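Let me begin by presenting the structure, written as structure tokens, before commenting on it.
In the working numbering, the protein residues as written are 921 to 1344.
What follows is the structure, given as structure tokens:
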């Protein structure tokens, strides 16, 4: 009897090892894909801001407005991307997005005036900040059923590390080869990393590997999710971090320059942001499976408000580093919270459509951040006062996060049939 048990344990080890290896391959591949969104992320674009102002002969408000228009139009496409992810194999969609993203970056390298720059912003924000990020997290949500929160946290941490470290390398690259060639090198990097990483991910159907009778398998429809207060509070938290974090990062060189930091020191401030973004993303991802997601929503909003209120104290040396640590904590905890919370509350069957709407709102919010801050800074003759006033936004979302009720399962999925399609 004992021998039989030992033989059973030994025979189960290869299967367990294979599952563990598959888990890590999927998680790290998704993390690499997330990291390669950096050319469309604010952090990756922020180091282009001042060189573009000089090269194109435009002012800061004009480039912020161009960024706003490009981001808004790029955001409008995200619900369609979400539906595509629900309809087709996620791996195929990622490959198509990656190839398109590389082509957009190549075309952007030939821009010589503000109109072309705006069109380029539409493309990189649509494909990089929006579609590729959405596809990577959707792939994790579908392919991973064990320790999903941790999987999302690790992949987000890998992505966050790549995004946060990119400005340092890009600042050196732009100094060496100029803006246009920097975009061409980015295009090549996206193509060489995203497509192979996508091929490492196994294809999954819409339900993933769930019990067919579970709520996770059937999930909520987008219409059901958007009728809950929790969906909108999560969207508000994500949008607040997106809008205000984007504003701080987009103008980081100028903001920290006003506090006495050199351009290189201001760019290097992404390093402490990376440290706490990684740690907080991993912490939230590891704990969110066993805790109430609203806890981490509150933590992310408190951190964001703290970063905004700390701006007047930021200075070369320790205080500047401390500012970066707080801002990184806000961004990392939000990344670890959002995708896992959506899956935990609303299931995976329609998660592409649900998060497509959320990402669209978040991306649209990010469009207003840089322009609003640049406009307010012109009126106030500085960045400090507008940033202090903007701290009211995350504090209001924090209060809403404490008050909103957890969503209740819709009775009989509110007319959704067992195939996952809403009844007419």
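All C-beta atoms, glycine included, are put in the ideal place defined by N, C-alpha and C.
Small disclaimer: the values here were computed from a predicted structure and weren't measured.
Unbroken alpha helix (DSSP H) run spanning residue i, endpoints
i, result
"residue 973", "962 to 976"
"residue 995", "980 to 995"
"residue 1150", "1149 to 1170"
"residue 1144", "1142 to 1145"
"residue 1085", "1068 to 1097"
"residue 1275", "1271 to 1300"
"residue 1321", "1312 to 1323"
"residue 1183", "1183 to 1188"
Member of the options whose CA lies at the smallest distance from the CA of residue i
i, options, result
"residue 957", "1099, 1056 and 941", "1056"
"residue 940", "986, 1037, 1113 and 1065", "1065"
"residue 1022", "1184, 1257 and 959", "959"
"residue 962", "1118, 1049 and 1301", "1049"
"residue 1231", "1219, 1189 and 1270", "1189"
"residue 1191", "1241, 1202 and 1323", "1241"
"residue 1308", "1317, 1296, 1319 and 1318", "1296"
"residue 949", "1104, 1168, 996 and 1059", "1059"
"residue 1277", "1013, 1144, 1104 and 1292", "1144"
"residue 1118", "1311, 946, 1291 and 936", "946"
"residue 1105", "1074, 1141, 1166 and 1027", "1027"
"residue 1268", "1139, 1042 and 1095", "1139"
"residue 1211", "1041, 1257, 1289 and 1046", "1257"
"residue 1045", "1116, 1015 and 990", "990"
"residue 997", "1100, 1042 and 1289", "1042"
"residue 1221", "1173, 1275 and 1310", "1310"
"residue 1099", "974, 1291, 1014 and 1012", "974"
"residue 1033", "1182, 972, 1168 and 1247", "972"
"residue 1314", "1228, 1255 and 1288", "1228"
"residue 979", "1294, 1317 and 1321", "1294"
"residue 1182", "1170, 1237 and 1167", "1237"
"residue 944", "936, 1014, 1094 and 1071", "1071"
"residue 967", "1290, 1233 and 1169", "1169"
"residue 1184", "1088, 1178 and 1094", "1088"
"residue 1075", "952, 1292 and 936", "952"
"residue 1091", "1186, 1239, 937 and 981", "1186"
"residue 1378", "1115, 1245 and 970", "Residue 1378 lies beyond the stretch modelled for the chain, which goes from 921 to 1344, so this question has no answer here."
"residue 897", "1080, 993 and 1007", "This structure cannot speak to residue 897, because the chain is shown only from 921 to 1344."
"residue 1265", "1008, 1226, 1320 and 1146", "1146"
"residue 1318", "1154, 1073, 1095 and 1243", "1154"
"residue 1292", "982, 936 and 937", "982"
"residue 992", "937, 1288, 1320 and 1316", "1288"
Integer-rounded CB distance, given that residue j should sit under 8 angstroms from residue i
i, j, result
"residue 955", "residue 1082", "3 angstroms"
"residue 1286", "residue 1084", "Actually they do not touch by this definition, with Cβ atoms about 16 angstroms apart."
"residue 1305", "residue 1224", "Not confirmed; about 18 angstroms, so no contact."
"residue 1279", "residue 1054", "5 angstroms"
"residue 1061", "residue 1271", "5 angstroms"
"residue 964", "residue 1102", "Actually they are not in contact, since the Cβ atoms of residue 964 and residue 1102 sit about 10 angstroms apart, beyond 8 angstroms."
"residue 1077", "residue 1201", "4 angstroms"
"residue 1052", "residue 1024", "With 8 angstroms as the limit, residue 1052 and residue 1024 do not qualify as a contact, their Cβ atoms being about 11 angstroms apart."
"residue 1047", "residue 1020", "6 angstroms"
"residue 1312", "residue 1142", "About 30 angstroms separates the two Cβ atoms, so there is no contact after all."
"residue 1234", "residue 1172", "Rounded, the Cβ-Cβ distance is 11 angstroms, inconsistent with contact."
"residue 1014", "residue 1114", "7 angstroms"
"residue 1290", "residue 1167", "5 angstroms"
"residue 1121", "residue 1011", "5 angstroms"
"residue 1193", "residue 1226", "About 14 angstroms separates the two Cβ atoms, so there is no contact after all."
Unbroken alpha helix (DSSP H) runs of length 4 or more, entirely within the segment 1005 to 1065: which are they?
Counting only runs of 4 or more, we get 1010 to 1028, 1034 to 1044 and 1053 to 1063.
Those runs of the alpha helix (DSSP H) which lie wholly inside the segment 1194 to 1265 and span at least 4 residues
The segment 1194 to 1265 is shown to contain whole alpha helix (DSSP H) runs of 4 or more residues at 1213 to 1230, in chain order.
Determine contact between the segment 1194 to 1214 and the segment 1245 to 1260, defined as no fewer than three beta-carbon pairs at a distance below 8 angstroms.
Output reads yes: the segment 1245 to 1260 touches the segment 1194 to 1214.
Please determine if the segment 1037 to 1053 and the segment 984 to 993 are in contact, where contact requires at least 3 C-beta pairs separated by less than 8 angstroms.
Touching, yes.
Can you find at least 3 beta carbon pairs, one from the segment 1106 to 1114 and one from the segment 1200 to 1208, that sit closer than 8 angstroms?
Too few Cβ pairs lie closer than 8 angstroms, so no.
Any contact of the segment 1283 to 1300 with the segment 1153 to 1172, i.e. 3+ C-beta pairs under 8 angstroms?
These segments touch.
State whether the segment 1211 to 1221 contacts the segment 1254 to 1270, with contact taken as three or more CB pairs (one from each stretch) at a distance under 8 angstroms.
Judged by Cβ distances under 8 angstroms, the segment 1211 to 1221 makes contact with the segment 1254 to 1270, as three or more pairs qualify.
Three or more C-beta pairs below 8 angstroms linking the segment 994 to 1003 and the segment 1295 to 1306
Proximity of the segment 994 to 1003 to the segment 1295 to 1306 falls short of the contact definition, fewer than three beta-carbon pairs being nearer than 8 angstroms.
Do the segment 1313 to 1329 and the segment 1140 to 1155 make contact, defined as three or more Cβ pairs closer than 8 angstroms?
Yes, since at least three Cβ pairs between the segment 1313 to 1329 and the segment 1140 to 1155 fall closer than 8 angstroms, the two stretches touch.
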